[in-house]
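Just so we're on the same page, our numbering is the position in the sequence shown counted from 1, plus 1453.
The block underneath contains the structure these notes are about, expressed in structure tokens.
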Amino acid sequence: MERPKLNHHGSKRIETKRLILRPLSNKDAYDIFININNDKQVLDYFKAPYYENFNASSIDSLVRLSNDPTSYCWGIELKEIKECIGIFLQQARNDYIGSIEIGYAIGSRYWNQGYVSEAVIAVIKYLFNDINYHKITAGHVIENLASKRVLEKCGLVYEGIRKDDFFHNDRYYDIIHYYIINPNHKQKIVIS
Ligand SMILES: CC(C)(COP(=O)(O)OP(=O)(O)OC[C@H]1O[C@@H](n2cnc3c(N)ncnc32)[C@H](O)[C@@H]1OP(=O)(O)O)[C@@H](O)C(=O)NCCC(=O)NCCS
1454 MERPKLNHHG SKRIETKRLI LRPLSNKDAY DIFININNDK QVLDYFKAPY YENFNASSID
1514 SLVRLSNDPT SYCWGIELKE IKECIGIFLQ QARNDYIGSI EIGYAIGSRY WNQGYVSEAV
1574 IAVIKYLFND INYHKITAGH VIENLASKRV LEKCGLVYEG IRKDDFFHND RYYDIIHYYI
1634 INPNHKQKIV IS
């Protein structure tokens, strides 16, 4: 098969039943502070700085990533309250082989209501159908059973374990990797 060509469109607005995924702007700084950088439970397994005070916090790098037409970073807005309850962003990426690793986090008061699974399903559709990525991956530390469950619910499957693949809070973690291949890319098997 020919190597798939990517059609980058950046972090376009994506609407689901309960959520709007949209590029972050500086107006979202307080919501991100409350739901991510000041929420110690979120930061247990998610690498982001902890800020005690809003004045010390910044989302400039996320806003830049959100507005880069070849990168992927959304704020997760809950329609019902018009609050940005979390973020969804690219981690590692290899555009030559068409592979992208996703990451996500929402404030702990919103956990276990299906929001991130709803976001993951929508982003998978966008990255496969609109951008034409070949493979989407995600990883979680062994202890993060909620993230494991999200990935399984969204159709990703186990790929393997990378030892000491994440350094966070003064220790290494093994990472369990999951993947899903773009179903639009059917490979012909040639037997010689
Ligand atoms: C991981 C995270 C994104 C999940 O978001 P969420 O919106 O709560 O996810 P969902 O509600 O869509 O799904 C969570 C699932 O995990 C399950 N779950 C939660 N805690 C669990 C546990 N300790 N053991 C087993 N399953 C668990 C929930 O029951 C739910 O499954 P179900 O729908 O079958 O009942 C959220 O917990 C979070 O932001 N955590 C901090 C940041 C983070 O860890 N990010 C991922 C880095 S890899």
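Don't be surprised by glycine CBs; every beta carbon is placed ideally from N, CA and C.
Everything numeric in this text was worked out from a predicted model, so none of it was measured.
Spatially closest choice to Glu-1596 from Tyr-1625, Leu-1518 and Lys-1606, by CA coordinates:
The residue with the shortest Cα to Cα distance from Glu-1596 is Tyr-1625.
Which class does Tyr-1563 belong to by DSSP, given the choice of helix, strand or coil?
Tyr-1563: helix per DSSP, three-state reduction.
Can we count Lys-1532 as close to ligand 1, meaning its CB is less than 7 angstroms from some heavy atom?
Flag unset: Cβ of Lys-1532 not near ligand 1.
With a cut-off of 8 angstroms on the beta carbons, I'd call Asn-1460 and Asn-1585 a contact; round off their distance for me.
Confirmed, about 6 angstroms.
Express the C-alpha separation of Gln-1543 and Pro-1457 in angstroms, rounding to a whole number.
Roughly 19 angstroms between the two C-alpha positions.
Measuring only the C-alpha atoms, how far is Ile-1512 from Ile-1644?
Roughly 52 angstroms separates the two Cα atoms.
What residue range is occupied by the uninterrupted alpha helix (DSSP H) comprising Asp-1646?
Nothing about residue 1646 can be read from this structure; the chain reaches only from 1454 to 1645.
Any idea if Val-1495 is buried or exposed, counting beta-carbon neighbours within 10 angstroms, 16 or more meaning buried?
Classification for Val-1495: buried.
So, helix, strand or coil for Ile-1577, using DSSP?
Here Ile-1577 sits in helix by DSSP.
Going by C-alpha to C-alpha distance, which of Ala-1599, Cys-1537, Gly-1608 and Lys-1606 sits closest to Pro-1476?
Ranked by Cα distance from Pro-1476, the options Ala-1599, Cys-1537, Gly-1608 and Lys-1606 are led by Cys-1537.
Buried versus exposed call for Asn-1488 [16 or more other C-beta atoms within 10 Å across all chains shown]
Classification for Asn-1488: buried.
Heavy atom of ligand 1 within 7 angstroms of Phe-1499 beta-carbon
Phe-1499 has its CB nearer than 7 angstroms to a heavy atom of ligand 1.
Euclidean distance between Cα positions of Lys-1616 and His-1593
If you take the alpha carbons of Lys-1616 and His-1593, they lie about 12 angstroms apart.
Determine contact between the segment 1597 to 1605 and the segment 1525 to 1532, defined as no fewer than three beta-carbon pairs at a distance below 8 angstroms.
Contact check between the segment 1597 to 1605 and the segment 1525 to 1532: fewer than three CB pairs, one atom from each, fall below 8 angstroms, which does not count as touching.
Among the candidates Ser-1514, Tyr-1498 and Arg-1471, whose CA atom is the shortest distance from the CA of Asp-1481?
Nearest C-alpha to Asp-1481: Ser-1514.
CA nearest to the CA of Tyr-1504, picked from Val-1516, Ser-1519, Asp-1484 and Ile-1550
Among Val-1516, Ser-1519, Asp-1484 and Ile-1550, the Cα nearest to that of Tyr-1504 belongs to Asp-1484.
C-alpha gap between Asp-1502 and Met-1454, whole angstroms:
Per the sequence shown, the amino acid found at residue 1502 is Pro instead of Asp. When only Cα atoms are considered, Pro-1502 and Met-1454 end up about 43 angstroms apart.
Below 8 angstroms CB to CB, which residues in the same chain sit around Tyr-1579 once its five sequence neighbours on both sides are set aside?
Lys-1465 and Ile-1467, listed in sequence order.
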